[in-house]
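Chemist: Per the numbering used here, the sequence shown starts with residue 9, numbered consecutively. We put the beta carbon where it would ideally sit given N, CA and C, even for glycine.
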Amino acid sequence: MKALFFIVTGKENPERFSLALTMAARSAMNKRYDDLKVIFYGPGEEYLTSINGQDLENFNYLLKNGHVDSACVYYASSKNIKEQLTKLGINLLPTGERLAYYVNQGYEVISF
9 MKALFFIVTG KENPERFSLA LTMAARSAMN KRYDDLKVIF YGPGEEYLTS INGQDLENFN
69 YLLKNGHVDS ACVYYASSKN IKEQLTKLGI NLLPTGERLA YYVNQGYEVI SF
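(1) Which whole runs of the alpha helix (DSSP H) in the stretch 41 to 93 are 4 residues long or more, in chain order?
(2) Per DSSP, which residues does E116 bridge with? Please list them.
(3) Quick check on this structure: which residue in Y83, D43, E23 has the alpha carbon closest to the alpha carbon of Q113?
(4) Using the C-alpha atoms, what's the distance from V76 back to P51?
(5) For the alpha helix (DSSP H) holding P22, just list the boundary residues, first then last.
(6) In whole angstroms, what separates the C-alpha of R24 from that of G18?
(7) Please report the Cβ distance between E53 and Y83, rounded to the nearest whole angstrom; I am assuming they are in contact, meaning their Cβ atoms lie under 8 Å.
(8) Considering only their Cβ atoms, is the gap separating L107 from A79 smaller than 7 Å?
(9) Use the C-beta contact count for L27: other C-beta atoms within 10 angstroms, 16 or more gives buried, fewer gives exposed.
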């Protein structure tokens, strides 16, 4: 099975955001899925610009191992966070297109 972690939760619920990153990273480390990808969207991508500690370690693991697909270019533009996100190394792409791509490829969407 292929899984897509769709992380929308942000600063309104930092614990849920942390749980999403932890589950995604541990799932990737333990190869629980045939493939695992992560998309950050809306408040999730905005909150990503302020993470540290274990959350940052989990994000970096996912990024370095090819699991992070993208964050939404349109949301990033509207919140003026494009530069911060690209400095983190994340691709900025249209989320609607990326989500449709993975659904059409048979990925199960797990949203936080």
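Modeler: By the coordinates alone:
(1) 51 to 56, 61 to 72, 81 to 86
(2) Locating residue 116 in the sequence shown gives position 108, counting from the first residue. E116 pairs with A11.
(3) The residue given as residue 113 occupies position 105 in the sequence shown. Looking at the Cα atoms, D43 is the closest of the given residues.
(4) Locating residue 51 in the sequence shown gives position 43, counting from the first residue. Locating residue 76 in the sequence shown gives position 68, counting from the first residue. Rounded to the nearest angstrom, the gap between the Cα atoms of P51 and V76 is 16 Å.
(5) One-based indexing of the sequence shown puts residue 22 at position 14. It spans 22 to 37 - the alpha helix (DSSP H) in which P22 sits, taken as one unbroken run.
(6) In the sequence shown, the residue the question calls residue 24 occupies position 16. In the sequence shown, the residue the question calls residue 18 occupies position 10. C-alpha separation (whole angstroms): 8 Å.
(7) For the purposes of this step, residue 53 is taken as the residue at position 45 of the sequence shown. For the purposes of this step, residue 83 is taken as the residue at position 75 of the sequence shown. Their Cβ separation, rounded to whole angstroms, is 6 Å, which keeps E53 and Y83 in contact under 8 Å.
(8) One-based indexing of the sequence shown puts residue 79 at position 71. One-based indexing of the sequence shown puts residue 107 at position 99. Cβ distance not < 7 Å, so A79 and L107 don't count as in contact.
(9) What you label residue 27 is simply residue 19 of the sequence shown in a count that begins at 1. The residue is exposed, with fewer than 16 neighbouring Cβ atoms inside 10 Å.
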